[in-house]
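Heads up: the sequence shown runs through residues 1 to 349, numbered per the working numbering.
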Amino acid sequence: MNHATKFFKNRALFFMAVTAVFLLGVRVSAVAEPPAGVNPLAWEYYERGISYLNGDNYTQAISEFTEAIRIDPNFAEAYSNRGLSHLYNWADYDHAISDHNEAIRINPNLASLYLARGITYINRGSSAGNKQYYDRAIADYTQALRIDPDNARAYYLRGSAYYQRAMGLFRERGYNREQDYDLAMDDYNEAIRINADYAESIKRDLGPVRFYYHQGKAYRNKQDYDRAIASFTEGIRIEPDGVNTATMYSNRGLVYAAKGDYDRAIADHNEAISLEPRDPGVYSDRGNTYYNKGDYDQAIADCTEAIRLDPRYAPAYENRYRAYERKGEGDLAGDDLIKFMELEGRLGW
1 MNHATKFFKN RALFFMAVTA VFLLGVRVSA VAEPPAGVNP LAWEYYERGI
51 SYLNGDNYTQ AISEFTEAIR IDPNFAEAYS NRGLSHLYNW ADYDHAISDH
101 NEAIRINPNL ASLYLARGIT YINRGSSAGN KQYYDRAIAD YTQALRIDPD
151 NARAYYLRGS AYYQRAMGLF RERGYNREQD YDLAMDDYNE AIRINADYAE
201 SIKRDLGPVR FYYHQGKAYR NKQDYDRAIA SFTEGIRIEP DGVNTATMYS
251 NRGLVYAAKG DYDRAIADHN EAISLEPRDP GVYSDRGNTY YNKGDYDQAI
301 ADCTEAIRLD PRYAPAYENR YRAYERKGEG DLAGDDLIKF MELEGRLGW
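Okay, structure coming up:
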């Protein structure tokens with residue numbers, strides 16, 4: 001077990017929320033006249049709603065979109081953006097999905113409406129750990145692509161959904177996790193093929209570290225280690241001291257370790273720890289690398305530090321259990337295995 005999964009899941013809601021705002025065009029410029037068919041007064045409320053949504057004032061955004069809908073009950077985009085506001089306003093999934101459904105009922109031929117509902121499903125799936133919501137999101141992105149086959153945004157979002165579904169701990173019979181990693185990369189590549197600048201715009205608006213993290217993880221899980229290293233290295237080059245740079249070093253270290261280059265791996269983990277000395281994940285990752293190198297004492301020391309920082313950080317117990325087991329310390333290994341299974345909810349009592 002490694003820190004990479006922890007990073008991704010802890011940031012899934014934030015990542016997709018930012019994706020929603022950027023990719024669905026919520027940050028719109030002022031328009032002098034409303035689009036054809038939209039009531040001018042409803043449009044005024046709608047524009048105010050967008051402003052509040054951009055300013056993270058979701059309660060007021062909901063109020064403005066609601067008034068726009070009262071004036072113009074067939075204003076699909078108002079329903080869609082009210083749905084996004086419900087999503088960001090304490091993750092009110094039920095109201096969000098209800099609004100997205102109504103928007104699509106009004107205008108089933110508008111691709112962006114399916115993207116919005118798909119993003120809500122992704123967030124709900126991340127929160128609930130339920131594969132069906134990832135399935136629904138992918139279906140929505142696929143429908144958006146039927147409507148607009150050259151929609152790079154839809155390819156990117158569907159790629160993200162495939163990747164996140166692959167990262168989930170789903171045990172459904174017949175589910176092919178590796179196929180999802182491949183589908184994710186196919187969609188990312190198609191998005192970039194349609195719009196060569198698209199990756200750069202995502203890196204700019206979402207942050208280059210998140211983009212390269214996502215890309216590097218996909219390559220790593222396909223065991224394309226050289227490309228994974230290149231992705232993580234580019235993220236570090238662009239943002240050498242950013243908020244998530246430690247995670248990039250940690251993940252690159254895991255790739256070096258997978259290649260058997262333990263000295264480079266440990267050097268990267270050391271960088272990660274210097275940047276985030278209170279993050280249990282980076283210690284656990286270094287401990288995992290020391291374990292693979294055969295230095296079980298150092299592996300135990302690192303995992304123990306991770307547990308000191310966060311006594312409920314399950315991967316550290318798993319990594320330390322394996323190190324104790326290799327040292328023949330069965331009682332300590334058993335204690336850690338039980339604690340790991342308890343934290344993961346796998347104990348039967």
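Heads up, the beta-carbon is just placed ideally off N, CA and C, and yes, glycines get one too.
Cβ pair residue i, residue j closer than 8 Å
i           : j           : result
residue 76  : residue 107 : yes
residue 195 : residue 152 : yes
residue 113 : residue 119 : no
residue 53  : residue 85  : yes
residue 229 : residue 210 : no
residue 68  : residue 88  : no
residue 109 : residue 71  : no
residue 163 : residue 218 : yes
residue 165 : residue 141 : no
residue 225 : residue 258 : yes
residue 313 : residue 284 : yes
residue 188 : residue 156 : yes
residue 129 : residue 168 : yes
residue 246 : residue 276 : yes
residue 208 : residue 174 : no
Coarse secondary structure for residue i, derived from DSSP in three states
i           : result
residue 261 : coil
residue 179 : helix
residue 57  : coil
residue 223 : coil
residue 327 : coil
residue 38  : coil
residue 91  : coil
residue 313 : coil
residue 243 : coil
residue 29  : Low confidence applies here, because residue 29 scores a pLDDT of 38, under 50, leaving its location unreliable; read the following figure in that light. Three-state result, residue 29: coil.
residue 102 : helix
residue 195 : coil
residue 345 : coil
residue 72  : coil
residue 320 : helix
residue 208 : helix
residue 253 : helix
residue 65  : helix
residue 340 : helix
residue 280 : helix
residue 109 : coil
residue 171 : coil
residue 130 : coil
residue 294 : coil
residue 81  : helix
residue 140 : helix
residue 285 : helix
residue 235 : helix
residue 151 : coil
Selected residue, minimal CA-CA separation from residue i, among the options
i           : options               : result
residue 223 : 181, 134, 316 and 71  : 181
residue 256 : 232, 240 and 117      : 232
residue 306 : 278, 290, 147 and 323 : 278
residue 73  : 90, 91, 99 and 50     : 99
residue 58  : 268, 96, 37 and 42    : 96
residue 405 : 247, 197, 122 and 315 : Only positions 1 to 349 of the chain appear in the structure, and residue 405 is not among them; the question remains open.
residue 320 : 168, 297, 175 and 186 : 297
residue 66  : 56, 41 and 55         : 41
residue 191 : 175, 171 and 149      : 149
residue 340 : 326, 328, 327 and 310 : 310
residue 282 : 294, 299 and 197      : 299
residue 215 : 183, 82, 333 and 143  : 183
residue 333 : 274, 294, 318 and 111 : 318
residue 91  : 124, 117, 286 and 115 : 124
residue 145 : 131, 171, 185 and 115 : 115
residue 48  : 197, 244, 64 and 147  : 64
residue 261 : 290, 56 and 139       : 290
residue 271 : 301, 240 and 293      : 240
residue 263 : 220, 293, 61 and 197  : 293
residue 177 : 344, 221 and 280      : 221
residue 34  : 78, 343, 325 and 55   : 78
CB contact check: residue i to chain D, cutoff 8 Å
i           : result
residue 269 : In the displayed structure, chain D is absent; only one protein chain is listed.
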